[in-house]
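Chemist: Each residue of the sequence shown is one higher than the last, beginning at 1197 in this note's numbering.
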Amino acid sequence: MPSAEIITIGTEILLGEIVDTNTRYLARSLRDLGIDLYRTVTIGDNAERIAETIRESMQRTEIIITTGGLGPTIDDPTRDAIALAVGVKTEFRSELWAQIKKRVSLYGRTPTENQKRQAYVPQGAIALENPVGTAPCFIIEYLPQKPQKIAEDAQTTQEPEKKN
């Protein structure tokens, strides 16, 4: 059974200024999928601490879910912290910027430079459009370092796709 950790990011949650309802929802969803939840943790808006927590989680679990810290403000460091944790830089994605501008225009507003920051994601990330907000979601696939294990995992992952 795969295991997971949930990392909730936000100083406002850490300090008890707002209630974390995301962890409860995600924990129940993981349970329903048969995924063992190893740990949940809340981290303030600090890129180095977030990256350190992600690296620790990578040693224990197959799935890491982060929630929070992707907003359009300077104090939302999640995308940079994830990039730091996996050793890549962030990159601008014009297609994400187009999605963000479209979403903002639905509210009759002009997109800001801070909102443009949301179009940066870690290199190699699989970006997912956010149907309810401006910050895109993204997935990072991280494979083990041993070459034979990577090849084995890649073959196992691709086999079901070939059958379809």
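Cβ coordinates follow ideal geometry from the N, Cα and C atoms, glycine included.
Is the beta carbon of I1231 less than 8 Å from the beta carbon of I1250?
Modeler: Cβ distance not < 8 Å, so I1231 and I1250 don't count as in contact.
Chemist: What does the Cβ neighbour count give for G1212, buried or exposed, with the cut at 16 atoms within 10 Å?
Modeler: Label assigned to G1212: exposed.
Chemist: Can you list, in chain order, the residues of its chain with a C-beta nearer than 7 Å to that of A1325? Leave out the 5 residues immediately preceding and following it.
Modeler: One point to set straight first is that residue 1325 is Glu, not Ala, in the sequence displayed. Same-chain partners within the cutoff: Q1295, P1332.
Chemist: Return the residue from the list L1292, R1299, A1223 that minimises the CA-CA distance to V1317.
Modeler: With distances taken between Cα atoms, V1317 lies closest to L1292.
Chemist: Mind checking P1198: buried by the 16 CB within 10 Å criterion, or exposed?
Modeler: Classification of P1198: exposed, given that the 10 Å Cβ count is below 16.
Chemist: Determine the closest residue to A1200 out of A1315, D1228, P1307, I1214, with distance taken between C-alpha atoms.
Modeler: When only C-alpha atoms are compared, the closest one is D1228.
Chemist: Round the Cβ separation of I1261 and I1239 to the nearest angstrom and send it over; I've been treating them as touching at under 8 Å.
Modeler: Wrong, their Cβ atoms sit about 13 Å apart, outside the cutoff.
Chemist: Which full runs of the beta strand (DSSP E) of 3+ residues lie inside the region 1241 to 1298, going along the chain?
Modeler: Runs found: 1259 to 1263, 1286 to 1288.
Chemist: Who are the Cβ neighbours of A1321 in its own chain at under 6 Å, not counting the five residues just before and after it?
Modeler: Only F1334, I1336 meet the Cβ criterion.
Chemist: For V1300, does the three-state DSSP call read helix, strand or coil?
Modeler: Looking at V1300 - three-state DSSP - the assignment turns out to be helix.
Chemist: What is the DSSP secondary structure of A1223, reduced to helix, strand or coil?
Modeler: The answer is helix: DSSP assigns A1223 an H, G or I state.
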